[in-house]
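Student:
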Amino acid sequence: MKKWIIIIVLFILVVLGISIKVYLSAVKPVNAAEKKAVTLVKNKTQLNKVQDFHIYNGLETVNVIEGLNKKGEKIIVWIPEKSKKIIVRKAKDGLSKEEAIQKLLQEKKPKKIISVRLGMEKNIPLWEIYYRSENNLINYYYIVFETGELWKKIENL
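Just add 108 to the spot in the sequence shown (first one is 1) and you have my numbering.
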């Protein structure tokens, strides 16, 4: 009986170790991209504190950083991977996440909103809303960050 307990514990430890190794390998590129983007932005903008970082994959890959400037104002920074042309906007100068969701709800009746995140296409900062419709199909709704206008929608995938 002791042998089986030892074997089971060892098996669990091996599986746990492999899982941790796979996870760390998976997040390594994202952490490297974040470090590179934050270093670039801190040298060229007033970014003082990073609150959020994510990578947007649309027509091109864009790193998006949300944080505070030296005055304590919330700012958003978009960094296209190819051009490195940094776009900085104060959060108050555009739509909030909640306002973007309200724009979607005015036109559509989503069954479930999966994610809402900032992105950029053709140098236009935008909100990407990923949701499921009543018939359980995947939909994307893109809203221009500054104006709240519909940029494009991809429906029924």
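The beta carbon of each residue, even a glycine, is placed where N, CA and C say it ideally should be. All values derive from a computational prediction rather than experimental measurement.
Could you check where the beta strand (DSSP E) with K198 kicks off and where it finishes?
Tutor: As a working note, residue 198 is residue 90 in the sequence shown. Its beta strand (DSSP E) spans residues 195-198.
Student: Leaving out five residues on either side along the sequence, give the residues of the same chain with a beta carbon under 6 Å from the beta carbon of L212.
Tutor: Against the sequence shown, residue 212 aligns to sequence position 104. I237, Y249, listed in sequence order.
Student: Can you name, in chain order, every residue of its own chain whose Cβ lies under 6 Å from the Cβ of P218, other than the five neighbours on each side?
Tutor: One-based indexing of the sequence shown puts residue 218 at position 110. By the criterion of a C-beta distance shorter than 6 Å, P218 is surrounded in its chain by Y239, once the five residues flanking it on both sides are discounted.
Student: At a threshold of 6 Å, does A208 count as lining the ligand PLP (C-beta to nearest heavy atom)?
Tutor: The ligand PLP is not part of this structure, which contains no ligands at all.
Student: What beta strand (DSSP E) runs, 3 residues minimum, are completely inside the segment 136-192?
Tutor: 155-165, 169-177, 182-188
Student: Can the beta-carbon of E181 be found closer than 7 Å to that of K198?
Tutor: By 1-based counting over the sequence shown, the position of residue 181 is 73. By 1-based counting over the sequence shown, the position of residue 198 is 90. In contact: E181 and K198 (Cβ atoms closer than 7 Å).
Student: In three-state terms, what does DSSP make of L245?
Tutor: Position 137 of the sequence shown holds residue 245. Three-state result, L245: coil.
Student: For A140, decide whether its Cβ has a neighbour in chain D, counting only Cβ atoms nearer than 7 Å.
Tutor: Note that chain D does not occur in the displayed structure, where there is just one protein chain.
Student: Taking C-beta to C-beta, are Q154 and G175 nearer than 7 Å?
Tutor: In the sequence shown, counting from the first residue as 1, residue 154 sits at position 46. In the sequence shown, counting from the first residue as 1, residue 175 sits at position 67. Going by C-beta atoms, Q154 is not nearer than 7 Å to G175.
Student: For M228, which residues from the same chain have a beta carbon less than 6 Å from its beta carbon, with the 5 sequence-adjacent residues on both sides left out?
Tutor: Residue mapping note: residue 228 aligns to position 120 of the sequence shown, counting from 1. Cβ neighbours of M228 beyond the five flanking positions: V170, W186.
Student: Thinking C-beta only, is V146 closer than 7 Å to H162?
Tutor: By 1-based counting over the sequence shown, the position of residue 162 is 54. By 1-based counting over the sequence shown, the position of residue 146 is 38. No, the pair does not count as a contact, with Cβ atoms beyond the cut-off.
Student: Using CA atoms only, rank isn't needed, just tell me which of K205, I251, I183, K111 is closest to K150.
Tutor: In the sequence shown, residue 150 corresponds to position 42, counting from 1. For K150, the nearest C-alpha among the options comes from I183.
Student: Give me the residue from R225, E189, I251 with the minimum Cα distance to L167.
Tutor: Here residue 167 refers to the residue found at position 59 of the sequence shown. Per the Cα distances, E189.
Student: If you draw a straight line from the C-alpha of L245 to the C-alpha of L132, how long is it?
Tutor: For the purposes of this step, residue 245 is identified with residue 137 of the sequence shown, where counting begins at 1. For the purposes of this step, residue 132 is identified with residue 24 of the sequence shown, where counting begins at 1. In a straight line, the C-alpha of L245 is about 33 Å away from that of L132.
Student: Just confirm the distance between the C-beta atoms of N247 and I262, as a whole number of angstroms; I'd bet it's less than 8 Å.
Tutor: Your numbering for residue 247 matches position 139 in the sequence shown. Your numbering for residue 262 matches position 154 in the sequence shown. Indeed they touch by this definition, with Cβ atoms about 7 Å apart.
Student: Opposite G227 in the DSSP bridges: which residues?
Tutor: In the sequence shown, residue 227 corresponds to position 119, counting from 1. Paired residues: L234.
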